[in-house]
Amino acid sequence: MTSDPAPHSGSMPVRARALWIVLAINAAFFVLETLAGNFSGSLALRADALDFLADSFVYAAALSLIRHPAIERGCGIILSLLAGWILVRAELAAAHGMPLPDARIMAGMALAAMAANAASLHFLRGAHAGQAVWRASRDDFYGNALVLVAALAILIAGAAWADPAAAGVMAAVFLARAVRLVFPGNA
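The opening residue of the sequence shown carries number 409 in this note's numbering; numbering runs sequentially from there.
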């Protein structure tokens, strides 16, 4: 499994080049969404940023061809901790309220993130990057759409609950992914 079956473009295999591009996109959007989440006050954007971070680790592992149970379990534990943090923040927001996030920033960032994940899917499509890697970007696209729906609910109806609810759903997805990584035979 040391050679890449994908056709070559220059000196770098297509698969590796696609993974590097997608890793760069995900790392950049982790930073952008973290900043936008902090600036707008959106917990859903911060949750989506953490998803970009987690996927950056997935793409880095795919690049190094590491598929070791201990590493996958470690990633699962990290995802569980991130999900726990998001769930606690969402519960605190629901119980004690929090300022209404800036839904325009949320919507703009969600649309940009959807474009980033669509680009990632495009790069991964022909690169034989693996089903798990492709699924991660697809699921991220859905998470971005969820942030957009929350932003629209805030813009249209002033629904303060939409942001922590979207973050809670994303945390549940993180937990499901974490269970599959920590207990691969049982999930």
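No residue lacks a Cβ here, since even glycine has one placed at the ideal position from N, Cα and C.
May I ask you to report which of helix, strand or coil DSSP gives residue i?
{"i": "P421", "result": "strand"}
{"i": "A567", "result": "coil"}
{"i": "P592", "result": "coil"}
{"i": "S472", "result": "coil"}
{"i": "G551", "result": "helix"}
{"i": "P572", "result": "helix"}
{"i": "S488", "result": "helix"}
{"i": "S545", "result": "helix"}
{"i": "M522", "result": "helix"}
{"i": "S450", "result": "coil"}
{"i": "D459", "result": "helix"}
{"i": "L529", "result": "helix"}
{"i": "L583", "result": "helix"}
{"i": "M578", "result": "helix"}
{"i": "G445", "result": "helix"}
{"i": "M514", "result": "helix"}
{"i": "G482", "result": "helix"}
{"i": "L508", "result": "coil"}
Measure the CB-CB distance between residue i and residue j and report whether it falls below 8 Å.
{"i": "G449", "j": "D510", "result": "yes"}
{"i": "S464", "j": "N434", "result": "yes"}
{"i": "A558", "j": "A544", "result": "no"}
{"i": "A515", "j": "L563", "result": "yes"}
{"i": "V541", "j": "A424", "result": "no"}
{"i": "L422", "j": "L532", "result": "What sits at residue 422 in the sequence shown is Val, not Leu. Against a cut-off of 8 Å, the Cβ pair of L532 and V422 comes out as no contact."}
{"i": "A579", "j": "A498", "result": "yes"}
{"i": "L451", "j": "A501", "result": "yes"}
{"i": "S488", "j": "A586", "result": "yes"}
{"i": "F438", "j": "A457", "result": "yes"}
Are there 16 or more other CB atoms within 10 angstroms of the CB of residue i, so buried, or fewer, so exposed?
{"i": "E441", "result": "buried"}
{"i": "N525", "result": "buried"}
{"i": "F565", "result": "Per the sequence shown, residue 565 should be read as Ala rather than Phe. Classification for A565: exposed."}
{"i": "I485", "result": "exposed"}
{"i": "R404", "result": "The question about residue 404 has no answer, for the chain in this structure spans 409 to 595."}
{"i": "Y467", "result": "buried"}
{"i": "P592", "result": "exposed"}
{"i": "T410", "result": "Unreliable placement is indicated for T410, whose pLDDT of 37 sits below 50; the coordinate value is still reported in the next sentence. Under this definition T410 is an exposed residue."}
{"i": "A432", "result": "exposed"}
My assumption, with CB atoms under 8 Å, is that residue i sits in contact with residue j. Please give the rounded CB distance.
{"i": "V577", "j": "L556", "result": "Not quite, the Cβ-Cβ distance comes to about 13 Å (not below 8 Å), so this is no contact."}
{"i": "F582", "j": "A523", "result": "The Cβ separation is near 23 Å, so there is no contact."}
{"i": "R481", "j": "L589", "result": "6 Å"}
{"i": "N552", "j": "A584", "result": "Incorrect: roughly 18 Å between the Cβ atoms, too far for contact."}
Any heavy atom of the ligand NAD closer than 7 Å to the Cβ of residue i?
{"i": "N594", "result": "Ligands are entirely absent from the displayed structure, and the ligand NAD is therefore not among its contents."}
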